[in-house]
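Chains as they are written, first to last, in this note's numbering: chain G, 1 to 107; chain S, 1001 to 1118.
To start, the structure under review is shown below, and the notes come after it.
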């Protein structure tokens, strides 16, 4: 199985700041990487697919980048509604595996 | 609009089985894959498997072989997952989620909490 190592596990930042979350795959996943946002008590919502494609309706302050085994999610101009847990997911090979999540809080 | 409406919370006894549902609306049910994902409290997400309702083909995470069985009813646009021989390790929230062509999940159900307790 492909292991997805996500960092940091938690993150605290101020409103308006820029934050970056990283995801490292145990092998090359050829940009088959998605990012999800999960708010407390809700189901995950797709933010980014194919490493850097923004899902419909997702604010442009979210962006994804990376290739090979290393990927990142950047959130510009942090807003209060961005408080969530963020997960990466590889969809290159079955079983499709997720990172362990990053809990984002506002300082 | 696309909606995946899941059945209600379940409290079940160890050793029993449970079948949960996911009713799809707002799109052509038979043209998209339906996946099932497990989330234990405080834990991450685990992919269980998928079914293509168009022909009933399935693919499972080996970890869930023998534990989960996926089916779909085209007439009611509903996908089902049956979990068998339940233990406390199966207590979790289970989500259905849709994908098309590539297995990233663009719509999710609201989740079903399954609690296994005597």
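From the three backbone atoms N, C-alpha and C, an ideal C-beta is built for every residue, glycine too.
Please compile the residues from chain S whose C-beta is within a distance smaller than 9 Å of the C-beta of residue i.
| i | result |
| --- | --- |
| residue 44 of chain G | 1037, 1039, 1045, 1095, 1097, 1105 and 1108 |
In chain G, what lies closer than 7 Å to residue i by C-beta?
| i | result |
| --- | --- |
| residue 1111 of chain S | 43 |
So with CB distances below 8 Å, who are the chain G contacts of residue i?
| i | result |
| --- | --- |
| residue 1102 of chain S | 32, 49, 50 and 91 |
| residue 1059 of chain S | 94 |
Does DSSP put residue i in a helix, in a strand, or in coil?
| i | result |
| --- | --- |
| residue 1090 of chain S | helix |
| residue 1095 of chain S | strand |
| residue 1039 of chain S | strand |
| residue 82 of chain G | helix |
| residue 1030 of chain S | helix |
| residue 1063 of chain S | helix |
| residue 64 of chain G | strand |
| residue 1052 of chain S | strand |
For residue i, go through chain S and note every residue whose CB falls closer than 8 Å to its CB, in chain order.
| i | result |
| --- | --- |
| residue 102 of chain G | In chain order: nothing, as chain S lies at least about 11 Å away. |
| residue 87 of chain G | 1044 and 1045 |
| residue 5 of chain G | Those do not exist, as residue 5 of chain G stays about 12 Å from chain S at its closest Cβ, beyond 8 Å. |
| residue 55 of chain G | 1106 |
Between residue i and residue j, how many whole angstroms is the CB-CB distance? I'm expecting something under 8 Å.
| i | j | result |
| --- | --- | --- |
| residue 1039 of chain S | residue 1095 of chain S | 7 Å |
| residue 1072 of chain S | residue 1079 of chain S | 5 Å |
| residue 1006 of chain S | residue 1112 of chain S | 5 Å |
Counting only the same chain and skipping the five closest in sequence on each side, list residues whose C-beta sits under 7 Å from that of residue i.
| i | result |
| --- | --- |
| residue 30 of chain G | 92 |
Taking 6 Å as the limit between beta carbons, can you name the residues of its chain near residue i, skipping five residues before and five after?
| i | result |
| --- | --- |
| residue 79 of chain G | none |
| residue 1084 of chain S | 1017 |
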